[in-house]
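Numbering (my numbering), first residue to last: 515 to 719.
1. What residue from 518, 628 and 594 has the CA that sits closest to residue 502's CA?
2. So, does the stretch 619-632 touch the stretch 559-578, judging by three or more C-beta pairs under 8 Å?
3. Does residue 690 come out as helix, strand or coil in the three-state DSSP assignment?
4. Closer than 7 Å by C-beta to residue 705: which residues in its own chain qualify, once you throw out the five before and the five after it? Chain order, please.
5. Count the other C-beta atoms from every protein chain shown that fall within 10 angstroms of the C-beta of residue 668, then say buried if there are 16 or more, exposed otherwise.
6. What does DSSP give as the partner residue(s) for residue 582 in the beta ladder?
7. Which residue's Cα is closest to the Cα of residue 682: 575, 652 and 573?
8. Let me know the secondary structure DSSP gives residue 568 once reduced to three states.
9. Excluding sequence positions up to five away, which residues of its chain have a Cβ less than 6 Å from the Cβ of residue 672?
Written out as structure tokens, the structure is:
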């Protein structure tokens, strides 16, 4: 196999899309640390959009080599750990005012993401339309809807609610249950949903 330069790998169109998603994830981490939780939610939703989009771009390119496909899949998986593991973990820590009591939950979110993605890399889907356990990107959509109710609770109360919901989602991420794989037209629904959330949360920024 001919080795490509690392720069050329970064310039592969699907990988560019993946890296834009990583930029969104890093932005979400930055926003969460600053306490800009609405911005963190929006940035993470866009990370989900670009995570879905990189696969669409990759499938549209028929001339990609097996090496490019494998490398792109590995890059996507590593970025997913950041977007759907590290980001929720930092979000939970930041919303909990970096209390030590929130550290186990943050660790669990990152660990679950690493375990689930490692499992998926080896065993893949149950079939072309079904996942084993709840997909990590679904957690972000649930978090976005949950955060709509944040204004109705005291900060300390909502921090407990947030903690509990994220832990429940973590259990479902690894649970031996089958969940549908959303793709195709669902991508456009995700984009519309993300735009609507961007507008709504943008009013609070």
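Note that the Cβ used here is the ideal one computed from N, Cα and C, for glycine as well.
Straight from the coordinates:
1. Residue 502 cannot be examined here, being either before or after the span of the chain that is shown, 515 to 719.
2. no
3. Here residue 690 refers to the residue found at position 176 when the chain shown is read from its first residue. The answer is coil: DSSP assigns residue 690 none of H, G, I, E or B.
4. For the purposes of this step, residue 705 is taken as the residue at position 191 of the chain shown. Taken in chain order, the residues that qualify are 563.
5. If you number the chain shown from 1, residue 668 lands on position 154. By the 10 Å Cβ count, residue 668 comes out exposed.
6. What you label residue 582 is simply residue 68 of the chain shown in a count that begins at 1. DSSP, once it has assigned bridges, lists no residue as partnering residue 582.
7. As a first step, residue 682 must be located in the chain shown, where it is residue number 168. The shortest C-alpha separation from residue 682 is found at 652.
8. As a position in the chain shown, residue 568 is number 54, starting the count at 1. Secondary structure at residue 568: helix, using DSSP grouped into helix, strand and coil.
9. For the purposes of this step, residue 672 is taken as the residue at position 158 of the chain shown. Excluding residues within five positions, the ones whose Cβ falls inside 6 Å are 664.
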